[in-house]
Amino acid sequence: SAVISQKPSRDICQRGTSLTIQCQVDSQVTMMFWYRQQPGQSLTLIATANQGSEATYESGFVIDKFPISRPNLTFSTLTVSNMSPEDSSIYLCSVSPSSNTGELFFGEGSRLTVL
Amino acid sequence: RKEVEQDPGPFNVPEGATVAFNCTYSNSASQSFFWYRQDCRKEPKLLMSVYSSGNEDGRFTAQLNRASQYISLLIRDSKLSDSATYLCVVKHGGATNKLIFGTGTLLAVQP
């Protein structure tokens, strides 16, 4: 298993500003992912955070809007840039300690409200 | 069309009832299947994996029909604590561990 700490747990931001969410894992993991869960929706994968290289973004998500850092195997950040109310969502960091099981462990999420 | 489709519910059932959730997936190359549980305002957590032969964990039974691209979850003797959203999850092949989540089925067990 893995214990994941995310912060901030929630924030209210003004339109046009940027927010950086941090994700800390209690063990080294190869794969870290960032998901978004909009109100009433399921989880959508934003990107895979790769250690030592650029993140791999899913269709519909771009680096300029969601820059990601992964400086080591236990830490990652996701920035939501130039925010608009449509970015209001829960952002979840997740890790997969074992590629065999396919199980994901999630942080508690960062609930973002953009005014 | 969504890659993983579920009936959003809500399913309102009395304690002790048996309830079944269904899920269909569109990508025939999908290799692994899971049910996750998400409590209100909490993160998702793995409930159980779904194996081709079907598998059971206590009151929970999961089944997979690859030919029909269909997954099910059966909960017997429902408890109040089973109230949650149940997410059907599909993993593509390869080493990326990319999981595709359904929108979830909301279960409310009534006393």
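Order-wise, the sequence lines are chains F and B.
Residues 1112 to 1226 (our numbering) make up the first sequence, in order.
Residues 387 to 497 (our numbering) make up the second sequence, in order.
Every residue, glycine too, gets a C-beta built ideally from N, C-alpha and C.
If you follow the beta strand (DSSP E) that F/Gln1288 is part of, which residue opens it and which one closes it? A question about residue 1288 of chain F goes unanswered here, because the residues of chain F that appear run from 1112 up to 1226.
Closer than 8 Å is the cut-off here; do at least three beta carbon pairs connect the region 400-419 of chain B with the region 460-476 of chain B? yes
Note down, in chain order, all residues in the region 1150-1168 of chain F with a beta-carbon under 9 Å from any beta-carbon belonging to chain B. Gly1151, Gln1152, Ser1153, Leu1154, Thr1155, Leu1156, Thr1159 and Thr1167
Which whole-angstrom value is the C-beta distance of F/Phe1217 and F/Ser1200, which I expect to be below 8 Å? As a working mapping, residue 1217 of chain F is identified with position 106 in the first sequence. As a working mapping, residue 1200 of chain F is identified with position 89 in the first sequence. Contact doesn't hold; Cβ gap of about 14 Å is too wide.
Would you call F/Cys1134 buried or exposed, if buried means 16 or more other Cβ atoms sit within 10 Å of its Cβ? Taking the first sequence and counting its residues from 1, the one referred to as residue 1134 of chain F is at position 23. With 16 or more other Cβ atoms within 10 Å, it is buried.
With a threshold of 8 Å between beta-carbons, can F/Glu1214 be considered close to chain B, or not? For the purposes of this step, residue 1214 of chain F is taken as residue 103 along the first sequence, with counting starting at 1. Chain B contact via Cβ: present.
Count the other CB atoms within 10 Å of the CB of B/Val495; is the residue buried (16 or more) or exposed (fewer)? Locating residue 495 of chain B in the second sequence gives position 109, where the first residue counts as 1. The residue is buried, with at least 16 neighbouring Cβ atoms inside 10 Å.
Where does B/Asp456 land, buried or exposed, given buried means 16+ other C-beta within 10 angstroms? To locate residue 456 of chain B, count along the second sequence from 1; it is residue 70. Note that residue 456 of chain B corresponds to Tyr in the displayed sequence, not to Asp. An exposed status is given to B/Tyr456, since fewer than 16 other beta-carbon atoms sit within 10 Å of its beta-carbon.
Range covered by the beta strand (DSSP E) that runs through F/Arg1222: Translated into positions along the first sequence, residue 1222 of chain F becomes position 111. Start and end: Ser1221 to Val1225.
Contact between the region 1115-1127 of chain F and the region 431-438 of chain B (3+ Cβ pairs under 8 Å): no
From F/Lys1176 to B/Asp393, what does the alpha carbon distance come to, in whole angstroms? Looking up residue 1176 of chain F in the first sequence gives position 65. Looking up residue 393 of chain B in the second sequence gives position 7. One C-alpha to the other measures close to 32 Å.
Assign F/Ile1174 to buried or exposed, taking buried as 16 or more other Cβ atoms, counted over all protein chains shown, within 10 Å of its Cβ. As a position in the first sequence, residue 1174 of chain F is number 63, starting the count at 1. In summary, F/Ile1174 is exposed, with fewer than 16 beta-carbon neighbours lying within 10 Å of its beta-carbon over all protein chains present.
Cross-chain neighbours of F/Gly1171 in chain B, by beta carbon under 9 Å: Reading the first sequence from its first residue, position 60 is the one you call residue 1171 of chain F. Neighbours of F/Gly1171 on chain B: none; closest Cβ ~14 Å, over 9 Å.
Roughly how many angstroms separate the alpha carbons of F/Met1142 and F/Gly1171, rounded to a whole number? In the first sequence, counting from the first residue as 1, residue 1142 of chain F sits at position 31. In the first sequence, counting from the first residue as 1, residue 1171 of chain F sits at position 60. Cα-Cα distance, rounded: 21 Å.
F/Met1142: first and last residue of the uninterrupted beta strand (DSSP E) it sits in: Taking the first residue of the first sequence as 1, we reach residue 1142 of chain F at position 31. Segment Met1142 to Gln1148, the beta strand (DSSP E) holding F/Met1142.
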